[in-house]
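K.L.:
What follows is a structure written as structure tokens; I'll ask about it next.
Residue numbers (this note's numbering): 4 to 106.
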């Protein structure tokens with residue numbers, strides 16, 4: 004890069020001959036940058052909300068799965084105790100907890 008090239012980051016945006024003519028005559032170089040203002044929320048805000056909602060949903064699914072696993076374990080435990088205990092009697096009332104295994 005020689006000393007007559009446009010400075011810094013604006014170099015690709017100003018034609019070299021225009022810059023050199025402005026430098027030779029002392030005329031200022033006007034750079035017009037077209038920008039638009041953001042009218043809405045950035046996408047990052049929505050992604051954070053979606054991530055939090057997804058994590059909450061996964062937590063609820065895990066809680067429901069744990070509850071069903073606990074119910075399954077309780078049912079199997081009750082079946083095992085009922086099968087092992089046979090007939091349960093309290094105060095003259097007997098209660099058969101499980102059906103006989105063979106006929």
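We put the CB at the ideal spot given by N, CA and C, even for glycine.
Measure how close the beta-carbons of residue 33 and residue 17 come, nearest whole angstrom, since I'm counting them as under 8 Å.
P.N.:
The Cβ separation is near 10 Å, so there is no contact.
K.L.:
In whole angstroms, what separates the C-alpha of residue 74 from that of residue 57?
P.N.:
Answer to the nearest angstrom: the Cα atoms are 26 Å apart.
K.L.:
Any Cβ of chain C within less than 8 Å of the Cβ of residue 73?
P.N.:
Reference to chain C is not applicable here, since this structure consists of a single protein chain.
K.L.:
Please specify which runs of the alpha helix (DSSP H), each continuous and at least 4 residues long, are wholly inside the region 35-68, giving them in chain order.
P.N.:
For the region 35-68, not a single whole alpha helix (DSSP H) run of length 4 or above is found.
K.L.:
When DSSP labels each residue in this structure, what does residue 96 get in the three-state scheme?
P.N.:
Of the three classes helix, strand and coil, the one that applies to residue 96 here is strand, per DSSP.
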